[in-house]
Amino acid sequence: MPQQEQVFMDEGEILVTNARIRLQGGKTFATANVTSVATKVRQLEAPPAPSKQGPGCLIAFGVMWALIGLGNLSSVTGFVVLAISAALIYGGWQWMSSLKAPARPNPEYVLMIGSASGESEGMVSMDEALVARISDAINDALISRG
0 MPQQEQVFMD EGEILVTNAR IRLQGGKTFA TANVTSVATK VRQLEAPPAP
50 SKQGPGCLIA FGVMWALIGL GNLSSVTGFV VLAISAALIY GGWQWMSSLK
100 APARPNPEYV LMIGSASGES EGMVSMDEAL VARISDAIND ALISRG
């Protein structure tokens, strides 16, 4: 008499039974061919910090205009040039202070499936708890097969 298929996990696309393992992305493994299951964490690289060259040039240009305006204080043009240079320096300062290093992205959690032909990535998720639940369910399925 054939053994009844026992379900250890059934969450949406993910199904773990004592006969088969179906993971996100449509990957299916025969439980009889699975020899081990493991999880690992993959850290993602942070994007590069934004360049401060643009705001630095704007501030330098504003300082240059301020020096020109200081040389012409005897005329109305000198005051206008000083006002423009103050706006350039302020804008460049605000722009530079708004630039922040990007946050490091969350790690990916990888479910590794071992078989006689080697180890392969079963699935990748940002949800650590989901990957842990799947790993536990696969371990339970392997144990139930004996």
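Using numbering that gives the first Met the number 0, read the sequence shown as starting at 0 and increasing by one per residue.
In this text, a Cβ means the ideal position worked out from N, Cα and C, and glycines have one as well.
Exposure of residue i, with buried meaning 16 or more beta-carbon neighbours within 10 Å
i	result
Phe7	buried
Val15	buried
Tyr89	exposed
Within 9 Å, strictly: CB atoms of residue i and residue j
i	j	result
Asn17	Ala140	yes
Asn71	Val62	no
Ile137	Val36	yes
Trp64	Leu98	no
Gly117	Leu110	no
Val130	Thr38	yes
Gln23	Glu12	yes
Alpha carbon of residue i to alpha carbon of residue j, nearest angstrom
i	j	result
Arg41	Pro49	24 Å
Gly25	Pro54	49 Å
Pro101	Met95	14 Å
Lys51	Phe60	14 Å
Asp9	Arg21	9 Å
Among the options, nearest to residue i - alpha-carbon criterion
i	options	result
Ala115	Ala29, Val15, Glu12 and Ile13	Ala29
Gly91	Val75, Ile112, Ile58 and Met125	Ile58
Leu43	Asp135, Ile133 and Met125	Met125
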